[in-house]
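Visitor: If you scroll down you'll find the structure; I have some questions about it.
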Amino acid sequence: MEYSPDDWVILKVSFATRDRTFTQLRVLGGWRGGYLSGDAWRINSGIQAIHADDIEYRFLGQSGSVYLCHRGGYR
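When we follow the numbering used here, the leftmost residue of the sequence shown carries the number 535, and every step to the right adds one.
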């Protein structure tokens, strides 16, 4: 599934188990709502790969999702 948020940030998330702690980078994407719908947000499953061009970043997630994030949308 592909997502194109209006605004986005990269989160550094740490998880701890009994044996170890590990860190993962995730995309937090936000969509601005309108008159009939409210704002929405979504966090991806973890960044596996990044492809960039002059217009946008493509973040490939562990679940197979793709976040198409415009460079100007980074907050």
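Just so it is clear, CB atoms sit at the ideal spot from N, CA and C, and this is done for glycine as well.
Ordered along the chain, which non-local residues of its own chain (more than five positions away) have a Cβ less than 8 Å from that of Arg566?
Guide: Taking the first residue of the sequence shown as 1, we reach residue 566 at position 32. Cβ within range, chain order: Asp540, Asp541 and Asp573.
Visitor: Relative to the C-alpha of Val600, which candidate in Arg552, Gln582 and Asp587 has its C-alpha closest?
Guide: Within the sequence shown, the letter at position 66 stands for residue 600. Minimum Cα distance to Val600 is reached at Gln582.
Visitor: On the CB-based measure, 16 or more other CB atoms within 10 Å of its CB, does Tyr591 come out buried or exposed?
Guide: Here residue 591 refers to the residue found at position 57 of the sequence shown. That one is buried.
Visitor: CB-CB under 8 Å to Ile584, same chain, minus the five flanking residues each way: which ones, in chain order?
Guide: Residue numbering aside, residue 584 sits at position 50 when the sequence shown is read from its first letter. Only Tyr591, Arg592, Phe593 and Leu594 meet the Cβ criterion.
Visitor: Which one or two residues does DSSP pair with Tyr569 in a beta bridge?
Guide: Here residue 569 refers to the residue found at position 35 of the sequence shown. For Tyr569, which the question treats as bridged, DSSP gives no partner whatsoever.
Visitor: Using C-beta distances below 7 Å, list every residue in its chain close to His604, excluding the 5 sequence neighbours before and after it, in chain order.
Guide: Taking the first residue of the sequence shown as position 1, residue 604 is located at position 70. Cβ neighbours of His604 beyond the five flanking positions: Ile589 and Glu590.
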